[in-house]
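Numbering (this note's numbering), first residue to last: 10 to 565.
C-beta: ideal position from N, C-alpha, C; glycine also.
Shown next, in structure tokens, is the structure this report addresses.
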Ligand code: PEP
Ligand code: MG
């Protein structure tokens, strides 16, 4: 029996055949001309049959999506199926073949021409550029005998194995078909990990050698142990798939056993995630990641369109609090209408609030849209900016939000400088929410996407806990709420440590709410403080976990 090891980021045990995420389709070489005659005729025939195959595949997927009630996905797939058979695109490609281009190169250039035309038209048409590129890549893959790009499509559930997953890839992931996620890169706070927890899929990241697993190999994925067992025995298989028993929603408002209130909120990506947050009994939304509404956009969404997206979330939480984060564009979540290509270090680049310097209109429009959607919604809408480094930035954002009619404005503490100057930062705004995912990567100087550095990004790192403590203490001094909305809040034991450090709310993927609520309800506030002191003074994350566990075991 062979076993690969990585870092378990979402618990659960499941078994299934591997389906590998194909590598992206690259631009075909320009060299090599077809000779006249039969060569070119054969290339045209191949192009016709490839376009029929791609069109038929996309139509079949559209039909499946329609039957599953996923109308939005069905419409996109139907439109792309039509594009694969589009006479103008194919006519241009055939003309290029006639001039001697290889079919894959001809399709690439013809698609590029269509994409440029659509871009120049702007608006809705420009947003179709991605669809043209998707069809182009599918045609090139079919013409060159490679697997279709994107999340694999299979009839039976499978274990998705990838180098890493980008947010754009995961948008098309069908959770009824993907049994588990295994990636070679990524850390505990990478977007693969966040997605897996949101969907309740077992996941192991930073698995060296994962992409060497052949398609169809059976594996047992254990998201708690961080292992991937290759060709598991019948006995091992029989241990998989057992669903964790327990509650699926919060049983009471968040509080320690002696009644110290800690609000328990849900993190929401695009508005379709709001139902899960309501079903889990969240007390509100502690982090609405608005950039997830617009990831596929070439141009900034209009104010009206934003109002519609935000209203959906506010309506579901009428009477409760919703903390909206302004666009966190950049790094692994590029939005072409605000972020620049080709930065040498995108995570240290023009990201989050920093994009407002070059694109002030985008932030202005977003604040207008949030204020408009909030008015009359019944929800208590707070707004916060991502990637704030200084008190000056905090003040400028807060003033702008207040002027836009949003009375409660705060910042995310994701950069060590904000934690180190938390008294000043908090004095300049109304509240803070600690993004432990980024705060870990910037504190440890360890890219959160890199599997090799996953251990440094462990949310139990004492250095991270110290910065959280400093921020929470500054919150107490200035009388401002300080929550945590990074993945650290979703770990029931660590959540108790965070409460001990003084954070006033915890926001997490909806699925984690019941376990975190239950863990908190078992411990008094003094006990949480005792645990936090042990964790923060530990030498390493491993020692921190062990010390907390041993205190709980020794003195019940
Ligand atoms: C964080 O950095 O902890 C956070 C919540 O933001 P994101 O994961 O979206 O970067
Ligand atoms: Mg962040």
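Residue i versus residue j: straight-line alpha-carbon distance, rounded
i	j	result
residue 200	residue 174	7 Å
residue 254	residue 530	Residue placement at residue 254 cannot be trusted, given a pLDDT of 41 that sits under 50; the coordinates are not used to answer.
residue 33	residue 209	27 Å
residue 481	residue 510	7 Å
residue 420	residue 520	25 Å
residue 288	residue 298	19 Å
residue 38	residue 114	7 Å
residue 378	residue 74	31 Å
residue 251	residue 319	Residue placement at residue 251 is flagged as unreliable, the pLDDT there being 44, under the threshold of 50; a coordinate-derived value is accordingly withheld.
residue 452	residue 440	21 Å
residue 300	residue 398	20 Å
residue 523	residue 292	12 Å
residue 23	residue 249	5 Å
residue 517	residue 155	39 Å
residue 193	residue 216	5 Å
residue 495	residue 204	13 Å
residue 206	residue 20	8 Å
residue 329	residue 392	14 Å
residue 273	residue 281	20 Å
Start and end residues, beta strand (DSSP E) containing residue i
i	result
residue 421	418-422
residue 12	11-14
residue 107	Unbroken run through residue 107 is the alpha helix (DSSP H), 96-107; no beta strand (DSSP E).
residue 389	389-394
residue 214	212-214
Segment limits, alpha helix (DSSP H) that includes residue i
i	result
residue 127	112-130
residue 53	47-76
residue 205	200-208
residue 38	No alpha helix (DSSP H) holds residue 38; DSSP gives it neither H nor E.
residue 539	534-545
residue 409	400-412
residue 381	369-383
Any non-hydrogen atom of ligand 2 within 7 Å of residue i CB
i	result
residue 562	no
residue 446	yes
residue 523	no
residue 395	yes
Residue i: CB within 7 Å of a non-hydrogen atom of ligand 1
i	result
residue 296	yes
residue 423	yes
residue 495	yes
residue 203	yes
residue 337	yes
Option nearest residue i by Cα separation, candidates the options
i	options	result
residue 444	399, 497, 345 and 368	497
residue 554	524, 527, 507 and 385	507
residue 332	367, 296 and 47	296
residue 283	323, 437 and 560	323
residue 473	549, 345 and 538	549
residue 36	17, 59, 150 and 357	150
residue 405	424, 365, 47 and 101	365
residue 560	38, 368 and 540	540
residue 372	121, 348, 275 and 41	348
residue 477	456, 515, 455 and 218	515
residue 537	368, 468, 502 and 326	502
residue 500	563, 198 and 326	198
residue 137	238, 307 and 339	307
residue 412	431, 424 and 375	375
residue 26	407, 188 and 380	188
residue 55	103, 344 and 338	103
residue 143	117, 128, 162 and 166	117
residue 14	85, 191 and 206	191
residue 30	69, 160 and 152	160
residue 544	438, 526, 505 and 395	505
residue 147	92, 186, 100 and 415	92
residue 168	370, 228 and 339	228
Per DSSP, the bridge partner or partners of residue i
i	result
residue 342	339
residue 443	422 and 493
residue 231	22 and 236
residue 169	28 and 190
residue 294	275 and 331
residue 517	275
residue 264	270
residue 17	213
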